[in-house]
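The structure under discussion appears below in the form of structure tokens.
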Amino acid sequence: MFKADTKRNPSTWWAIPVGLLMGVGWLSLAAYFIYSFIQPRD
1 MFKADTKRNP STWWAIPVGL LMGVGWLSLA AYFIYSFIQP RD
């Protein structure tokens with residue numbers, strides 16, 4: 001099933017890892033902003 005999909009659309013196999021990396025990046029960015037927001041400022 002997956003092999004047939006990749007064989008039919010060989011130019012879209014990179015969208016999965018790229019999407020995962022973008023999702024992880026946005027999650028880490030949001031976590032960093034939230035962490036810096038809740039940090040007690042001196």
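Okay, so the sequence shown: first residue is 1 according to full-length UniProt numbering, each after it adds one.
Yeah, the Cβ is synthetic: ideal placement off N, Cα and C, and Gly gets one too.
Bear in mind the structure is a predicted one, so any value in this text is a computation, not a measurement.
Leaving out the 5 sequence neighbours to the left and right, which residues in its chain are closer than 7 Å to residue i when beta-carbon positions are compared?
i	result
isoleucine 16	none
Between which two residues does the alpha helix (DSSP H) holding residue i run?
i	result
tryptophan 26	15–38
Suppose the cutoff is 6 Å on Cβ atoms and the five residues either side in sequence are ignored; what does the same chain contact list for residue i look like?
i	result
serine 41	A quick correction: the sequence has arginine, not serine, at residue 41. If we look at arginine 41 and ignore the five residues flanking it on each side, it has no Cβ neighbours.
tyrosine 35	none
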